[in-house]
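Just so we're on the same page, this note's numbering is the position in the sequence shown counted from 1, plus 513.
C-beta: ideal position from N, C-alpha, C; glycine also.
Some notes on the structure that comes next.
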Amino acid sequence: MWLIKEMDIKKASKYSIYNMSELEKSDKAGCYYCKSIFDISEISETTDNGKTAMCPKCGIDSVLPDSSPFKLDKNTLTELNKYWF
Ligand SMILES: [Zn+2]
């Protein structure tokens, strides 16, 4: 049983690529690979010519900005992790 609708879960990948402009509007971001939540100032690595953020904790490009429709908490990140990994 998913807490988040599967349709929404699928949208997560759209927010984790080419997301630097969204991240600039956010304070926090969460990674649904390692499930950490961090300050966007911690992001130092990017990919896709600087357009996609890499997680500062695990280096995977699964970073969701808090401006996305997802509530950034452990439950959300755990659900997304189960679906995508
Ligand atoms: Zn991570």
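Pairwise C-alpha distance: Lys518 and Gly563: 30 Å
Terminal residues of the alpha helix (DSSP H) in which Leu585 lies: Here Leu585 belongs to no alpha helix (DSSP H), and DSSP marks it neither H nor E.
Those residues which DSSP pairs with Cys544 across a bridge: Val576
Contact test: Ser575 Cβ vs ligand 1 heavy atom, cutoff 7 Å: Short note on Ser575: C-beta closer than 7 Å to some heavy atom of ligand 1.
Paired residues, beta bridge with Ala566 - DSSP: Thr559
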